[in-house]
Each structure stands twice: as C-alpha cells, then as structure tokens.
Amino acid sequence: MTDLARPVGLGLAARGDVKDVAGWARRAEDLGLDSVWVHDSY
0 MTDLARPVGL GLAARGDVKD VAGWARRAED LGLDSVWVHD SY
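Just so we're aligned: 6 in numbering that gives the first Met the number 0 is position 7 of the sequence shown, and the numbers increase by one with no gaps anywhere.
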C-alpha cells in the first residue's frame, strides 16, 4: 500500500466475532490507517 496523503480511519459496526474485529483493527494499523472506531454496541 502506498502512503496515504491524509489520516484515514476505519469504522466498524457491531457485527461478527470480537476476535475477528480485533484482527481487522490490527491489520488496519499494519496497513497505515490512523485510527479504528468500533461501534459501542459490542
């Protein structure tokens, strides 16, 4: 992935297993995303 021109975040709805969501958040961080938002209904 190329460098991003500005900060980008990922928003996740309360779907799926929490372990999956944690993995997606880690992958987003590894790919250079600035933040991850998780809906509070988890």
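Glycine is no exception: its CB is placed at the ideal position from the N, C-alpha and C atoms.
Handout entry: Proximity below 8 Å, CB of residue 15 to CB of residue 34
Key = no
Practice task
In the DSSP assignment, find the alpha helix (DSSP H) that holds residue 17 and state where it starts and stops.
Solution key: 17-29
Problem - Reduced DSSP category for residue 35 - H, G, I as helix; E, B as strand; rest coil - result: strand
Exercise for the section: Check whether the Cβ atoms of residue 17 and residue 11 lie closer than 8 Å to each other. Expected result: no
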